[in-house]
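**Student:**
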Ligand SMILES: [Fe+2]
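Numbering (my numbering), first residue to last: -8 to 146.
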């Protein structure tokens, strides 16, 4: 008899909570009284769903009071690489009232999505006094540069 161990997702990550298999993921995600573990299970279920509606549900959940959950949303939106999430991520990075951990993850997600339209907002926060923000913007801009170079160097 073996215990269940965390599984590697299709995204190559071992997630902090296994994806939920049933229930209305958007409802659980938006439920401020639900356990964080269950809300994260909904986050990973929506990520695996991968549809535009799942992206919209994840973006809508930035209204949550939990900075931890909001940071996880930004992380999975980066994994999903759907440019549909960009306006929400740009707004999260630019919000001086947003938690630094969320802003860091929003910047890195922009790099992961790899869309040049993120350059201006990333450049805007390149000199931000919080190193978590400025360094994340630097990494994301370098990733955008690297992807563009890789594109040019294709035979
Ligand atoms: Fe992070």
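Positions of the beta carbon are idealized from the N, C-alpha and C atoms, including for glycine. Quantities reported herein were computed from a predicted structural model and do not represent experimental measurements.
#1: Based on Cα-Cα distance, which residue from 28, 50, 111, 7 lies nearest to residue 128?
#2: Report the start-end ranges of each alpha helix (DSSP H) in the region 105 to 136 that is 4 residues or longer and not cut off at the edges.
#3: Locate the alpha helix (DSSP H) running through residue 149, then write down its first and last residues.
#4: Hey, could you find the ends of the alpha helix (DSSP H) residue 79 is sitting in?
#5: Just the Cα atoms here: how many angstroms apart are residue 12 and residue 107?
#6: Just to confirm the assignment, what range does the alpha helix (DSSP H) spanning residue 36 have?
#7: Could you check if residue 71 is buried or exposed, using at least 16 other CB atoms within 10 Å of its CB as the buried criterion?
#8: To the nearest angstrom, how far is it from the Cα of residue 1 to the Cα of residue 86?
#9: Cα-Cα, which of 95, 133, 40 is closest to residue 121?
**Tutor:** A quick look at the data gives this:
#1: 111
#2: 110 to 115
#3: Since the first residue of the chain shown is -8 and the last is 146, residue 149 is not available in this structure.
#4: 77 to 85
#5: 35 Å
#6: 27 to 40
#7: Result: buried.
#8: 31 Å
#9: 95
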